[in-house]
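Numbers in this note's numbering are just positions in the sequence shown, counted from 1, shifted up by 16.
Written below as structure tokens is the structure these notes are about.
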Amino acid sequence: MTRNLAPSSLGSNLLLRTDSYKVSHWMQYPPGTQTVFSYIESRGGTFSHALFFGLQAYLREYLSTPVTVADVDEAAALMAMHGEPFNREGWMRLIEKHDGRMPVRIRAVPEGSVVPVHNVLATIENTDPEFFWLTSFLETELLRAIWYPTTVATLSGAAKATLLRYLEATCDDPQGQIAFKLHDFGARGVSSLESAGLGGMAHLVNFQGTDTIVALVAARRYYDCEVAGFSIPAAEHSTITGWGRDQESAAYRNMVEQFGKPGAVFAVVSDSYDIFNACDRIWGTELKDLVVQSGATLVVRPDSGDPAETVLKVAQILAARFGTTTNAKGYRVLNNVRIIQGDGINLDSLRLCLSNLFHNGFSAENIAFGMGGGLLQQVNRDTMQWAMKCSAMQVDGEWRDVFKSPVGDASKASKKGRLTLTRDGQGALRTRRIEDLGAGEADLLETVFEDGRIVSEASFESVRVRAAQGNGLLIGSRAPL
Numbered sequence: 017m018t019r020n021l022a023p024s025s026l027g028s029n030l031l032l033r034t035d036s037y038k039v040s041h042w043m044q045y046p047p048g049t050q051t052v053f054s055y056i057e058s059r060g061g062t063f064s065h066a067l068f069f070g071l072q073a074y075l076r077e078y079l080s081t082p083v084t085v086a087d088v089d090e091a092a093a094l095m096a097m098h099g100e101p102f103n104r105e106g107w108m109r110l111i112e113k114h115d116g117r118m119p120v121r122i123r124a125v126p127e128g129s130v131v132p133v134h135n136v137l138a139t140i141e142n143t144d145p146e147f148f149w150l151t152s153f154l155e156t157e158l159l160r161a162i163w164y165p166t167t168v169a170t171l172s173g174a175a176k177a178t179l180l181r182y183l184e185a186t187c188d189d190p191q192g193q194i195a196f197k198l199h200d201f202g203a204r205g206v207s208s209l210e211s212a213g214l215g216g217m218a219h220l221v222n223f224q225g226t227d228t229i230v231a232l233v234a235a236r237r238y239y240d241c242e243v244a245g246f247s248i249p250a251a252e253h254s255t256i257t258g259w260g261r262d263q264e265s266a267a268y269r270n271m272v273e274q275f276g277k278p279g280a281v282f283a284v285v286s287d288s289y290d291i292f293n294a295c296d297r298i299w300g301t302e303l304k305d306l307v308v309q310s311g312a313t314l315v316v317r318p319d320s321g322d323p324a325e326t327v328l329k330v331a332q333i334l335a336a337r338f339g340t341t342t343n344a345k346g347y348r349v350l351n352n353v354r355i356i357q358g359d360g361i362n363l364d365s366l367r368l369c370l371s372n373l374f375h376n377g378f379s380a381e382n383i384a385f386g387m388g389g390g391l392l393q394q395v396n397r398d399t400m401q402w403a404m405k406c407s408a409m410q411v412d413g414e415w416r417d418v419f420k421s422p423v424g425d426a427s428k429a430s431k432k433g434r435l436t437l438t439r440d441g442q443g444a445l446r447t448r449r450i451e452d453l454g455a456g457e458a459d460l461l462e463t464v465f466e467d468g469r470i471v472s473e474a475s476f477e478s479v480r481v482r483a484a485q486g487n488g489l490l491i492g493s494r495a496p497l
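Quick look at the structure:
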């Protein structure tokens, strides 16, 4: 009879959080193997640098939980039916000798670090020769735990770098504006609740605006952050269209009356019928005095059409109706109103919207962006060409280099030796063999997990500080705006 697993137990058994072929690998290593050493890197892809984030969440949620006899029994029964030779004796020995805790050492760059691609970001090796086979067994979930949040954090950081360039050029207070310029709209568009939490939390490394509540839960649970992000009252289409087309103005009026308090900010989706009419005749004429007298800032949300064209036209209409103030940089700032574009936003469309506003004399402080699938879902392991590879083994007391070098694809050649990260004489980050480090040469990887326990942790604030320091690297070239 098939036993139904409760949803909460889907990932509770470490022995079942791997790939099928890993289950037989304990039989495949050379005789005398004692230690297997592997590393994780981004081999290139979309970005020149990686903003490392998310390992601590995995260590807290999964790897710190000991394996139990019940786990072994469950895995043994499933593998017997699945067709894989199961290492029951090895797992039972691990429970006997280590109380089910993982005898491995994981070293990594501090979370929030911005590191050029093609460099080691984390390493793992077994600490007990009896369990040499654990290193590779953990690859599936360790790589997954790193590639997804790091890729989202890197993408979000690239957006931040672009936004900062335009704010620095057109805004009097770019640092005061940046935190809320990209809002996470991605909770409904991801493949799972855990993806929403991890990806949404990764975005909050760079920004403080989010509608993904589970990201706040994740930051609190894994990085001890009381509240990592914030939001504002906002309308959706149903709360506008529910009034009926002939009552569109009444729906907007209700939003002002409900949320239009002095100093408040609230957003109203305004494209249910005709965004340009809404901006011109309803917001800009009929309800203008109500908005101004409320003392609040109205954020108009267009949600359809070509993002760059629509944003510019909306800005021009609102400027004509509400007026603008010219800031010290010589760019126009809308009075009483702002814009948020949350439809069709990715790195390319974000740049186009900002460029259009810039070349038409509008400050970037007039607009914020909401990114959903483009932020949390439209990434995969190939976006940054992630890989975890074995680079060294200790066999019969001797270390040997381990690598691959496929004749058909030089980009998949792997590194050799026991590796770490350091800085060269010019201060650039470089991957080096551990044994080649000179006296006083910094080893930038730190041990974060050893023998079943977390030994070093980061606060969310420290991650944010490191990310902010390295964020300028993510933009790549400083091409003209």
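Cβ coordinates follow ideal geometry from the N, Cα and C atoms, glycine included.
None of the values given here were measured: they were computed from a predicted structure.
Let's see if you can read the secondary structure: which residues bound the alpha helix (DSSP H) around K113?
Within the sequence shown, numbered from 1, the residue matching residue 113 stands at position 97. Start and end: 104-114.
Kindly list the residues whose CB is nearer than 6 Å to the CB of L368, restricted to its own chain and excluding five residues on each side of it in sequence; keep chain order.
Counting from 1 along the sequence shown, the entry for residue 368 is found at position 352. Correct list, in chain order: A324.
How many Å lie between A86 and G27 at the Cα?
Against the sequence shown, residue 86 aligns to sequence position 70. Against the sequence shown, residue 27 aligns to sequence position 11. Each residue's alpha carbon lies about 14 Å from the other.
For the alpha helix (DSSP H) that contains T139, what are its first and last residues?
One-based indexing of the sequence shown puts residue 139 at position 123. Here T139 belongs to no alpha helix (DSSP H); instead the beta strand (DSSP E) covers 136-142.
Kindly indicate which three-state DSSP category A195 falls into: helix, strand or coil?
On the sequence shown, residue 195 is found 179 positions in, with the first residue counted as 1. In this structure, A195 counts as helix in the three-state DSSP scheme.
For the beta strand (DSSP E) containing D417, list its first residue and its last residue.
Taking the sequence shown and counting its residues from 1, one reaches residue 417 at position 401. First-last of the beta strand (DSSP E) with D417: 414-417.
Pop quiz: G390 and I361 are said to be a contact at Cβ under 8 Å. What is the actual Cβ separation, rounded to whole angstroms?
The residue labelled residue 390 in the question sits at position 374 within the sequence shown. The residue labelled residue 361 in the question sits at position 345 within the sequence shown. Going by Cβ atoms, the distance from G390 to I361 rounds to 6 Å, so yes, they are a contact pair.
Assign V479 to one of three DSSP states: helix, strand, or coil.
Residue numbering aside, residue 479 sits at position 463 when the sequence shown is read from its first letter. Helix.
Quick one: grab the DSSP three-state call for Q50.
Indexing the sequence shown from 1 puts residue 50 at position 34. Q50 falls in the strand class under three-state DSSP.
Helix or strand or just coil, what does DSSP make of F68?
Residue mapping note: residue 68 aligns to position 52 of the sequence shown, counting from 1. The answer is coil: DSSP assigns F68 none of H, G, I, E or B.
At 3 residues or longer, what runs of the beta strand (DSSP E) sit wholly inside the stretch 305-349?
With a minimum length of 3 residues, the continuous beta strand (DSSP E) runs that stay inside the stretch 305-349 are 313-317, 340-342.
Please state whether DSSP places Y127 in a helix, a strand or coil.
Numbered from its first residue, the sequence shown carries residue 127 at position 111. What sits at residue 127 in the sequence shown is Glu, not Tyr. E127 falls in the coil class under three-state DSSP.
Given T18, which residues of its chain have a CB within under 7 Å of its CB, disregarding the five upstream and five downstream residues?
Working through the sequence shown from its first residue, we reach residue 18 at position 2. Because T18 sits at a pLDDT of 47, beneath the cut-off of 50, its placement in the model cannot be relied upon, and the following sentence gives the value as read from the coordinates. Closer than 7 Å at Cβ, skipping near neighbours: no residue.
Using only the alpha-carbon positions, how far apart do N487 and R109 sit?
Within the sequence shown, residue 487 is the residue found at index 471, counting from 1. Within the sequence shown, residue 109 is the residue found at index 93, counting from 1. Using only the alpha carbons, I get a separation of about 46 Å.
Over what stretch of residues does the alpha helix (DSSP H) that includes M217 continue unbroken?
Numbered from its first residue, the sequence shown carries residue 217 at position 201. Start and end: 209-219.
Quick test of the definition: if touching needs 3 or more C-beta pairs under 8 Å, does the stretch 41-55 touch the stretch 87-98?
Too few Cβ pairs lie closer than 8 Å, so no.
Can C406 and T151 be called in contact, C-beta distance under 9 Å?
Position 390 of the sequence shown holds residue 406. Position 135 of the sequence shown holds residue 151. Closer than 9 Å, so yes.
Starting from W163, trace the alpha helix (DSSP H) both ways and give me its first and last residue.
The count along the sequence shown starts at 1 and reaches residue 163 at position 147. First-last of the alpha helix (DSSP H) with W163: 155-186.
Would you mind sorting M409 into buried or exposed? The rule is 16 or more other CB atoms within 10 Å of its CB.
The sequence position of residue 409 within the sequence shown is 393, counting from 1. By the 10 Å Cβ count, M409 comes out buried.
Figure out for me which residue from E473, G468, V481, A474 has the closest Cα to the Cα of D144.
Within the sequence shown, residue 144 is the residue found at index 128, counting from 1. Nearest of E473, G468, V481, A474 to D144, Cα basis: G468.
Going by CA-CA distance only, name the one from G454, A91, K432 that's closest to V440.
The residue labelled residue 440 in the question sits at position 424 within the sequence shown. For clarity, residue 440 is Asp in the given sequence; the question names Val instead. The shortest C-alpha separation from D440 is found at G454.
Taking all protein chains shown into account, do 16 or more other C-beta atoms lie within 10 angstroms of the C-beta of N396, making it buried, or fewer, making it exposed?
Taking the first residue of the sequence shown as position 1, residue 396 is located at position 380. With fewer than 16 Cβ atoms within 10 Å of its Cβ, N396 is classed as exposed.
With a CB to CB cut of under 7 Å and the five nearest residues on each side skipped, what residues in its chain are close to D319?
Here residue 319 refers to the residue found at position 303 when the sequence shown is read from its first residue. If we look at D319 and ignore the five residues flanking it on each side, its Cβ neighbours are V285, D287, G358, D359.
Would you list the residues sitting across from K405 in a DSSP beta bridge?
Start at 1 with the first residue of the sequence shown, and residue 405 comes out as number 389. Looking at the DSSP assignment, K405 forms a beta bridge with Y55.
What residue does the beta strand (DSSP E) around E466 start on, and which one ends it?
Reading the sequence shown from its first residue, position 450 is the one you call residue 466. Taken as a continuous stretch (DSSP letters only), the beta strand (DSSP E) holding E466 covers 462-466.
Buried or exposed: which applies to L370, given that a residue is buried once 16 or more other Cβ atoms fall within 10 Å of its Cβ?
What you label residue 370 is simply residue 354 of the sequence shown in a count that begins at 1. With 16 or more other Cβ atoms within 10 Å, it is buried.
Leaving out five residues on either side along the sequence, give the residues of the same chain with a beta carbon under 7 Å from the beta carbon of T166.
Taking the sequence shown and counting its residues from 1, the one referred to as residue 166 is at position 150. For T166, where only same-chain residues beyond five positions count, the Cβ hits under 7 Å are A66, L67, F68, F69, G70.
Going along the chain, which residues of its own chain have a beta-carbon closer than 8 Å to the beta-carbon of G504, five neighbours each way excluded?
This structure cannot speak to residue 504, because the chain is shown only from 17 to 497.
Is D296 helix, strand or coil by DSSP?
Locating residue 296 in the sequence shown gives position 280, counting from the first residue. Reduced to three states, the DSSP call for D296 is helix.
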